[in-house]
Amino acid sequence: MGTITEKLIKWRKKWQEKSMQEILIFAIENLASKESLRQIKKSIIEISATLTLGQLHGEEI
Numbered sequence: 000m001g002t003i004t005e006k007l008i009k010w011r012k013k014w015q016e017k018s019m020q021e022i023l024i025f026a027i028e029n030l031a032s033k034e035s036l037r038q039i040k041k042s043i044i045e046i047s048a049t050l051t052l053g054q055l056h057g058e059e060i
């Protein structure tokens, strides 16, 4: 099945067309029925950090 991070890596080609809000909604929807709130929070922090680092370095994620 994979973690939310793995799912989002597969989804990365669409990231440039998506807003942060859309990405976080995607993450929450995919986790909500399967994971605890603690895992959702952890994943959102990881996703936000990944996006921020990529933006700071001007890299395509």
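Going by numbering that gives the first Met the number 0, the sequence shown opens with residue 0, and the numbers climb by one from there.
We put the CB at the ideal spot given by N, CA and C, even for glycine.
Bear in mind that the values here come from a model prediction, so they are computed numbers and not experimental data.
Taken atom to atom, the span from the alpha-carbon of Leu50 to that of Ile27 is near 16 Å. The beta carbons of Ser42 and Ile8 sit no closer together than 8 Å.
With contacts defined as CB atoms closer than 8 Å, Leu30 and Ile24 fail to qualify as a contacting pair. Taking the Cβ atoms as the reference, Ile22 lies roughly 13 Å from Ile44, outside the contact range of under 8 Å.
The beta carbon of Lys6 sits closer than 7 Å to those of Asn29, all from its chain and outside the five residues before and after it, given in chain order. One alpha carbon belongs to Ser18, the other to Arg37, and they sit about 23 Å apart.
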